[in-house]
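Those protein sequences? They're chains A and B, same order as listed.
Letter by letter, the first sequence follows residues 11 to 508 in the working numbering.
Letter by letter, the second sequence follows residues 11 to 508 in the working numbering.
Report on the structure given below.
Number of protein chains: 2
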Amino acid sequence: MPVASPTVLRQLSPATTARLLGTWHAGGPAYIALADALRAAVLSGTLAPHTRLPSERELAATLNVSRTTTSGAYARLRELGFAVSRVGSGTVTTLPQRAIEPGPLHRPAGGDAPLSADPLRGGTHAGAPAAVGHLDLWQATPPAPPELHGAFARALDGLPAYLDSGGYEPYGLTPLREAIAARYRERGVPTTAGEILVTTGAQQAIALLARTHLRPGERAVVESPTYFHAMEAMRDAGGRVVGVPAGPLDVDQLASTVRRARPRLVYLVPDYQNPTGFVLSAEERAAVREIADRHGVTVVGDETLVELGLSDERTPPPFAGDGTSPHVVSVGSASKAFWGGLRVGWVRAHPQVIAQLARARQSVDIATAVLEQLAVTELLGRRAEVMAGRRQMLRERRDVLVGRLQEAFPWDVPVPQGGLFCWVDLGLPVAQAFAAAAAAEGVRVGGGPMFTPDNAGATSRVRLTFTRSPAELSDAVPRLVRAWGRVAGRQRPAGSRA
Amino acid sequence: MPVASPTVLRQLSPATTARLLGTWHAGGPAYIALADALRAAVLSGTLAPHTRLPSERELAATLNVSRTTTSGAYARLRELGFAVSRVGSGTVTTLPQRAIEPGPLHRPAGGDAPLSADPLRGGTHAGAPAAVGHLDLWQATPPAPPELHGAFARALDGLPAYLDSGGYEPYGLTPLREAIAARYRERGVPTTAGEILVTTGAQQAIALLARTHLRPGERAVVESPTYFHAMEAMRDAGGRVVGVPAGPLDVDQLASTVRRARPRLVYLVPDYQNPTGFVLSAEERAAVREIADRHGVTVVGDETLVELGLSDERTPPPFAGDGTSPHVVSVGSASKAFWGGLRVGWVRAHPQVIAQLARARQSVDIATAVLEQLAVTELLGRRAEVMAGRRQMLRERRDVLVGRLQEAFPWDVPVPQGGLFCWVDLGLPVAQAFAAAAAAEGVRVGGGPMFTPDNAGATSRVRLTFTRSPAELSDAVPRLVRAWGRVAGRQRPAGSRA
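Here's what the structure looks like:
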């Protein structure tokens, strides 16, 4: 198949590139460090494929390095499969093609261990170091609970009642909508099924809220740092993302930002915030709802992590309060409480908002899969027992990671009270260099800046997830120690100029 | 819960409203006919909720009716739950809220017949006629095949291999990608798994292609008429949709439109085209690929219906030809071949395009559900036997609908050689009035204009799907006869001015 000229979707200025790279030179030959930093940015998603990089000359001038360094770095990126260059097109980021040679017929699923089909996790492409992304402390994806298989089996018993229908229920199956509403009522929020829309995961819920509430150029306010893909969904909708300090959330600044910036949407993670781990107090939640009602702005509380309390098994108070504000929207998900391979989420909102979202989803994916919905209905019916096991597993994994990190590093490693992440303070503004060095050691981590709206804050923080097995977590730590050794020796403390 | 002021997402000018209504006055009191036409437009999706209608005065002037008529029509719309009016906001379209009273706990799925949770299909809300949308000749959603349950059971046997993973595979599970690639090879297109992206249905594939290829204001070329939600996805991405006559496709005009309009995307349905039923010949396909390569424009062939030949069981030639053009993209789906309740589709494209789509989907829904993918892998392995039964069922339903229509009406009812639709020529430019009258008789049909980019063509056509049971199809026809009686008696033949 002939290779087309590289598609160019955007252009990066030298200044933006420099900001995105942060403190990239963490020792060794400069061209390798620069290439590694750019590769890490592509792998972590902060630098999109099909982006035209600055010319070698421009970038050299901006970074104050020699042209030989930028030229060598781009050549290395090309070798690794992360860039292509063409006369007239400059150097354009890309993702490596993996060498997949399928057999003549498909292999039966059951006999086939799950392969990573995701080059973002590293792969087998020629030229790239085999270790890239081998250990994943980036994706927050716990394994499935033991109850999942049985839930699907019972769901399959219930499936025949649906098979004569067309299978499209744009609002979701009634039993699931009722089970979700019942869970809100159990938490103290009067809710009917008419206030629930089932979505294909919480990410879709956020994307639908963004596209129905934001027109190009309109503002959305988020915590800074926050969930990376939520900001992406808002930008995809044309929105301008504005941050308010979080970890803990500055509610007064939220109020003044809403007054000043007049956003159409506010997005918060009230429980075990992603990535900081903070939980909004009942008073802060009430203050946020008051802001929503006073300014008539839709405030979305992403409750994806609400069931994942690890120190205190009480579930945090519902973001919706008494459920009466038409401006307060809650998003929920089966992905973290149950399993990421289940693609079911939901929105709780005023029925008119629900109708608006349901219509928007018609051109997105029409409806959510029927059997998935039946399985989640089953799991919600056994929520208490499933969650007890999950919390136990996550508590062990958190303790392994926190313990190993505290032994091995001088970092400030706060112990998260719930959720899936450690938000580690490195004490030096080297998050991006460290993330690049970690990737070179075979461990993917989330550098702090990518969680901030301008991709420039949280430069001394990294997010480490503890969802993989204790063995994998333990295996990651010595690699992180090596990466840290390459980075820390060259740096001055935070606050001084590098 | 207090009702918020109606959210207004767009404003309809009097002229656009008039064009959208077409020939709306099909007898009876004018205010009822006008309200029915507006309600049918909301139900069919041509008039979105949260649209501010023109003022009563403006609309009366444009339609050349009395203010009493528009005022009465809006009042009736409000009564039926399809509009709200507020001082300062005017009259805004909305969807009726259904009266759902969930029990204290969710009911087990198996004991609960599938309820329509979709107000688009009509519901039980107070004030609306119970018959609205009761019989669905709009959605093209066949029931599931008998093999589906067994496929899920076998998929469940294979699931444990995946449960220790996080469940996110942004490109799709390898066995499914390989099975899809194998099917392309079987059809004569050399294909590897690296050229396949699994999506959450074909609709998501189209939406991803639109958002990765179109920037605001850029053009997309489609057949006119074409699949409604494809145009919606392109507009959602900011694209301007341009039509080329279809049924059959005018390939010369496609070439000149591409040359002139310089679109970034062309979208075609090559097999049993939606809604006209035409199949592109091998020569036309080759000409389309030549246009793609000559102009470097991405041409998407939506092969959702390719397995649904009803008269000739040979599958039409693959849209991708020999599979070598980097500008030719194929979209496929399990929804029509197998079941709509399975939300699995795919894209076949150059690996760089696949990587670009996979990245875009991260902010859309992250990944497709694992068990769904295993079930589709199973079904693809038994494709021949499943499709034989499906074709038999659809052939019978097509013959029932075509036969009843030919007995009952003076229309030209072409016999579709495949697919799921009859594209009926009414002989009079009354498609919208007829669709409104049919909705009032409890049958949802697709008025021709909604399948055209300007919502103004195909005024003498309606699309009737034959996916529901023979009993339902037979029940629909006398209702359509009554609707036709209300419409046809008042009209002059096509071509004369109404």
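In this text, a Cβ means the ideal position worked out from N, Cα and C, and glycines have one as well.
Hey, residue i and residue j are a contact pair by Cβ (cut 8 Å); roughly how many whole angstroms apart?
| i | j | result |
| --- | --- | --- |
| A:N284 | A:F476 | Going by Cβ atoms, the distance from A:N284 to A:F476 rounds to 13 Å, so no, they are not a contact pair. |
| B:T462 | B:S234 | 5 Å |
| B:G333 | B:P200 | 5 Å |
| A:A50 | A:A445 | 5 Å |
| B:L87 | B:A45 | 5 Å |
| A:T103 | A:L63 | 7 Å |
| B:L474 | B:L147 | 5 Å |
| B:R454 | B:L53 | 7 Å |
| A:V261 | A:V310 | With a Cβ gap of about 16 Å, A:V261 and A:V310 do not count as contacting. |
| B:A220 | B:A256 | Actually they do not touch by this definition, with Cβ atoms about 19 Å apart. |
If you compare alpha carbons, which of the options is closest to residue i?
| i | options | result |
| --- | --- | --- |
| B:G177 | A:A154, A:T27 and A:S175 | A:A154 |
| B:T151 | A:S175, A:S76, A:H305 and A:R164 | A:S175 |
| B:T468 | B:V434, B:A347 and B:L264 | The question names Thr, yet the displayed sequence has Ala at residue 468 of chain B. Nearest of B:V434, B:A347 and B:L264 to B:A468, Cα basis: B:V434. |
| A:L352 | B:L105, B:Y172, B:G38 and B:R77 | B:Y172 |
| A:F288 | A:L278, A:R496 and A:A297 | A:L278 |
| B:P258 | B:L69, B:T286 and B:Y237 | B:T286 |
| A:A240 | B:V94, B:E188 and B:S373 | B:S373 |
| B:E242 | B:R295, B:P185, B:Q213 and B:V254 | B:Q213 |
| B:E300 | B:G227, B:A265 and B:R187 | B:A265 |
| B:L166 | A:G168, A:F162 and A:L169 | A:F162 |
| A:A418 | A:V231, A:L158, A:A365 and A:D485 | A:D485 |
| A:P59 | B:H144, B:L105, B:Q362 and B:V252 | B:Q362 |
| B:R295 | B:W356, B:R187 and B:P328 | B:P328 |
| A:R324 | A:V316, A:D375 and A:L219 | A:V316 |
| B:E228 | B:A192, B:V208 and B:L275 | B:L275 |
What is the residue span of the alpha helix (DSSP H) that residue i lies within?
| i | result |
| --- | --- |
| B:V310 | Segment T308 to D312 is the beta strand (DSSP E) holding B:V310; no alpha helix (DSSP H) there. |
| A:F348 | Run containing A:F348: none; DSSP gives neither H nor E here. |
| B:L389 | V380 to G391 |
| B:S266 | V261 to A271 |
| A:A171 | That residue, A:A171, is in no alpha helix (DSSP H); it is neither H nor E in DSSP. |
| B:G495 | P480 to A498 |
| A:S373 | From DSSP, A:S373 is part of no alpha helix (DSSP H); its letter is neither H nor E. |
| B:R324 | It is not in any alpha helix (DSSP H) - B:R324 carries neither H nor E in the DSSP assignment. |
| A:R77 | R77 to E89 |
| B:Y194 | T184 to E196 |
| A:L73 | E66 to L73 |
| A:E233 | It is not in any alpha helix (DSSP H) - A:E233 instead sits in the beta strand (DSSP E) that spans R229 to S234. |
| A:V94 | Looking at the DSSP string, A:V94 is not in any alpha helix (DSSP H); the run it does join, the beta strand (DSSP E), is A93 to R96. |
When we look at the beta-carbon of residue i and count the other beta-carbons within 10 Å, is it buried (16 or more) or exposed?
| i | result |
| --- | --- |
| A:E66 | buried |
| B:N465 | buried |
| A:R489 | buried |
| A:T134 | Only weak support exists for where A:T134 lies, its pLDDT of 29 falling under 50; the value from the coordinates is given anyway. That one is exposed. |
| A:A109 | In this prediction, A:A109 has a pLDDT of 25, which is less than 50 and means its spatial position is unreliable; what the coordinates show is noted afterwards. Exposed. |
| B:E388 | buried |
| B:G91 | buried |
| A:V514 | The question about residue 514 of chain A has no answer, for chain A in this structure spans 11 to 508. |
| B:G113 | Only weak support exists for where B:G113 lies, its pLDDT of 25 falling under 50; the value from the coordinates is given anyway. Looking at its Cβ environment, which holds fewer than 16 other Cβ atoms inside 10 Å, B:G113 is exposed. |
| A:R272 | exposed |
| A:G495 | exposed |
| B:R502 | Bear in mind that a pLDDT of 48 at B:R502, under 50, signals an unreliable position, so the model cannot answer this. |
So residue i is in the beta strand (DSSP E); what residue range does that whole segment cover?
| i | result |
| --- | --- |
| B:L438 | Where B:L438 is concerned, there is no enclosing beta strand (DSSP E), given that its DSSP letter is neither H nor E. |
| A:P255 | R250 to P255 |
Can residue i be considered in contact with the ligand COA, in the sense that its beta carbon sits closer than 8 Å to one or more heavy atoms?
| i | result |
| --- | --- |
| B:R414 | The ligand content of the structure shown is nil, which means the ligand COA is not present either. |
Identify the contact partners of residue i in chain E, using a Cβ-Cβ distance below 8 Å as the criterion.
| i | result |
| --- | --- |
| A:Q149 | This model lacks chain E altogether, as its protein chains are A and B. |
Quiz item: When you check each C-beta in the stretch 155-174 of chain B against every C-beta of chain A, which residues fall closer than 9 Å?
Solution: P155, P156, L158, H159, F162, A163, R164, A165, L166, D167, G168, L169, P170, A171, Y172, L173 and D174
Quiz item: Taking Cβ-Cβ distances below 9 Å as the criterion, which residues of the stretch 372-386 of chain B are in contact with chain A?
Solution: Q372, S373, V374, D375, I376, A377, T378, A379, V380, L381, E382, Q383, L384 and A385
Self-check item: Members of the stretch 55-67 of chain A near chain B, C-beta cut-off 9 Å
Solution: G55, A58, P59 and H60
Practice problem: Using a Cβ-Cβ cut-off of less than 7 Å, list which residues of the stretch 191-215 of chain A approach chain B; keep chain order. | Solution: Answer set for the stretch 191-215 of chain A: A191, A192, T202, A203, G204, T210, G211, Q213 and Q214.
Quiz item: Given a limit of 8 Å on CB to CB distance, which residues of the stretch 219-244 of chain A reach chain B?
Solution: R221, T222, P226, H239, E242 and A243
Quiz item: Given a limit of 9 Å on CB to CB distance, which residues of the stretch 452-468 of chain A reach chain B?
Solution: Within the stretch 452-468 of chain A, no residue has a Cβ that lies closer than 9 Å to any Cβ of chain B.
Exercise. Below 7 Å between beta carbons is the criterion; list the residues of the stretch 348-373 of chain B that meet it against any residue of chain A, in chain order.
Key: W349, G350, G351, L352, R353, H360, P361, Q362, A365, Q366, R369, Q372 and S373
Practice problem: Output, in sequence order along the chain, the residues in the stretch 70-89 of chain B whose CB is closer than 7 Å to any CB in chain A. | Solution: none
Practice problem: Return the residues of the stretch 278-290 of chain A that lie within a Cβ-Cβ distance of less than 8 Å from chain B, sorted by chain order. | Solution: none
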